[in-house]
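Okay, structure first, notes after.
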Amino acid sequence: MRIAVGSDHAGYRLKEFLAAHLATSGHDVDDLGTHSEAPVDYPEFGAAVGRAVSEGRAELGLCACGTGIGISIAANKIPGIRAALVHDVTTARLARAHNHANVVCMGGRMVGFEVAKDAVDTFLSTAPDGGRHDQRIREIAVLEAR
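Per the numbering used here, the very first residue in the sequence shown carries number 580; after that it's consecutive.
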């Protein structure tokens, strides 16, 4: 699977760890930056990941910043993106299954590396549920189109 990854300086170490894990697991990782812990603004990187997924250059995305909040907001400004802030395996599974999230976001200052790795693995191995969730995703698309 091709996965776009991006972070700001506060999420850099978590992004690097997770990108290496994804590559070791056989995924094709497109690292959209940042490439150091030098201060940068998260909107650029959240939008870059969102665009990669929205334009079909990646199947899913992964973002990190200090809390995961700002970069998830930025990614969600890109049409077609459902970026979800997750903290553990449960929120990762539900974000994918119920909300059909296509970008997973985490806080480098909030989540430990092993918890993050387990959450990402769960996110990637969970299929979006259909049924009642499909209608809710359509409602989100209508909101986005306005």
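Don't be surprised by glycine CBs; every beta carbon is placed ideally from N, CA and C.
Report buried or exposed for residue i, applying the criterion of at least 16 other Cβ atoms within 10 angstroms of its Cβ.
i, result
"H614", "exposed"
"I719", "exposed"
"V710", "A small correction: the amino acid at residue 710 is Gly; Val does not occupy that position in the sequence shown. Burial call: exposed."
"V721", "exposed"
Cα-Cα, which of the options is closest to residue i?
i, options, result
"D620", "K594, L639 and S586", "S586"
"E723", "R661, E693 and A706", "R661"
"R630", "C644, R725, P618 and S651", "S651"
"Q714", "C644, H679 and A698", "H679"
"A706", "P618, L673 and A643", "L673"
"I582", "P618, E623, E634 and E616", "E634"
Give me whichever residues DSSP pairs with residue i in a beta bridge.
i, result
"G640", "A583 and V682"
"D607", "R581"
Roughly how many angstroms lie between the CA atoms of residue i and residue j, to the nearest whole one?
i, j, result
"G659", "T669", "23 Å"
"S704", "A599", "18 Å"
"V632", "G691", "25 Å"
"G625", "D708", "25 Å"
"L597", "K696", "6 Å"
"D700", "I648", "20 Å"
"L593", "A663", "16 Å"
Do residue j and residue i come within 7 Å of each other at the CB atom, strictly closer than that value?
i, j, result
"H712", "H666", "no"
"T646", "G686", "yes"
"D609", "A654", "no"
"V682", "G640", "yes"
"A589", "L611", "no"
"R675", "F702", "yes"
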